[in-house]
Amino acid sequence: MTNQQTFEMIRRIVLCYPVEPHHVAQIKQTLADCKNDATIPLDHEIEVVDAGQERVDELLPTADIFIGHAKVPVDWDRVLAAKRLQWIQSSAAGLDHCLVPGVIAEPGIIVSSASGLFAPQVAEQMFALLFGLLRRIGLFERARQIPEFIRRPTDDIRGKTVGIVGLGGNGREIAKMLRPWEVKILATDYYPENQPDEVDALWPTSRTDELFATSDIVILTLPLNASTRHCVSEKQFAAMKPGSYFVNVARGAVVDESALVASLASGHLAGAGVDVTETEPLPPTSPLWTDPKVLITPHVGAQSIRRVDDTTDLVCINLRRYFSGLPLYNRVDKTLGFPHPSVSYRVAGAQTTNDSQ
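Okay, structure coming up:
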């Protein structure tokens, strides 16, 4: 099938992320620019529908392109039976909301993510948690509520070995921001290539257990898929140095939370910072809530007032690339659930290119 024939089939784009009218207008303008570009074989109007979470299940079967992140249950069997969907552009880096078996198996559906788009925000969240652990903010905040003026020994980051599990866009941004702090940085990744200058050693995932055993601080930034679910469990926590720190800004289900709780309760870990938990919201009965060595934030690592603007910019860049026949940024390997670094929006340096929005 030629591009012209493929584009003839694109009649409706369904949105499901918190857009404002000016974001929808930006997307429509990008489509109009593509239609008016003589080099792009698009000669008809494309409808843009803002479904929101309220109507995404109803409207997704009518979509040729889906842009967003369905946080409500979607009947994917109905979507696949409609045989319309050709491209999913996720507004999140994680794809557990859309990479269902039927989508993975369907070769006619392309999936791209927001991998690395919010890396600066995720890195800032990681540092907020990490420095809060090192400086015992959880303990001092509890004392403030009593109120009680107490002093306890604190820690610092200088001279420590930091291990990053997953060196995609978020992991690389964290490594870049860590460099001035006089630390040694180790990392593991599924694609152990293109080692950035900030990282002292980049290893394949087969050496992840070694990273846990070697590091004073372990940071998770890996995606959730079938192979990474509960990949951090009792064995990995037991391998960590006594008095070490653990921070998860990836996905909650990559960690066996009961093993994390046990390692904290035993005193083996000095502290844990979690922006994500195995069950969200975290149940009120979880011991993580009451442990003063734990800092918890409610999966807000990628949030900022610029998030929807940044997402829409990437959407418009990828729309133009799609209709121009160019490779999409962040196109994922559907069996893995993440993109190769060479096509990652941030890792590939796309934010500095002349891509038109």
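Going letter by letter, the sequence shown gives residues 892 to 1248 in this note's numbering.
We put the CB at the ideal spot given by N, CA and C, even for glycine.
Around the beta carbon of proline 1189, a 10 Å sphere encloses fewer than 16 other beta carbons of the protein chains shown; the residue is thus reported as exposed. Secondary structure at arginine 1222: strand, using DSSP grouped into helix, strand and coil. Per DSSP, the beta bridge partners of lysine 1075 are Thr1052. About 16 Å separates the CB atoms of leucine 1069 and threonine 1105; that is not less than 8 Å, and the two are not in contact. The count of Cβ pairs closer than 8 Å, one atom from the stretch 980-989 and one from the stretch 1110-1121, reaches three, so the stretches are in contact.
Exclusion of the five residues before and after isoleucine 956 leaves Ile904 and Trp978 as the residues of its chain whose Cβ lies within less than 6 Å of its Cβ. For phenylalanine 1031, there is no enclosing beta strand (DSSP E); the enclosing alpha helix (DSSP H) covers residues 1028-1036.
Closest in alpha carbon position to alanine 1130, among Ser1118, Asn1139 and Leu1160, is Leu1160.
With contacts defined by Cβ atoms closer than 7 Å, tryptophan 967 and valine 991 form a contacting pair.
Where aspartate 1182 is concerned, there is no enclosing beta strand (DSSP E), because DSSP gives it neither an H nor an E. Bounds of the beta strand (DSSP E) holding phenylalanine 1137 are 1135-1139. It is roughly 13 Å from the alpha-carbon of glycine 1164 to the alpha-carbon of serine 1154. Under the criterion of beta carbons closer than 8 Å, isoleucine 1048 and leucine 1024 do not qualify as touching, at roughly 10 Å. By the beta-carbon neighbour count (other beta carbons within 10 angstroms, threshold 16), lysine 1051 is buried.
Between the alpha carbons of leucine 933 and leucine 971 lies a gap of roughly 25 Å. Within the stretch 1147-1209, the runs of alpha helix (DSSP H) that reach at least 4 residues and sit entirely inside it are, in chain order, 1148-1156. In the three-state reduction of the DSSP assignment, leucine 1102 falls in the helix class. In the DSSP assignment, cysteine 907 is bridged to Gly959.
Contact between the stretch 1031-1044 and the stretch 994-1013 is not established, with fewer than three Cβ pairs separated by less than 8 Å. The alpha-carbon of lysine 926 is positioned some 12 Å away from that of tyrosine 1213. For arginine 1098, same chain residues with a beta-carbon under 7 Å away, outside a window of 5 residues either side, are Thr1079 in chain order.
For valine 965, no alpha helix (DSSP H) run applies, since DSSP gives it neither H nor E. Of Ile931, Gln944 and Leu922, the smallest CA-CA separation from isoleucine 937 is found for Leu922. Here the C-alpha atom of leucine 1030 lies approximately 30 Å from the C-alpha atom of aspartate 1100. For alanine 1066, the three-state secondary structure derived from DSSP is helix.
Rounded to whole angstroms, the Cβ separation of valine 1185 and methionine 1017 is 15 Å, and the two are not in contact under 8 Å. In the DSSP assignment, glutamate 938 falls within the unbroken beta strand (DSSP E) covering 938-941.
When C-beta atoms of the stretch 1196-1211 are compared with those of the stretch 911-921, three or more pairs fall below 8 Å, so the two segments count as touching.
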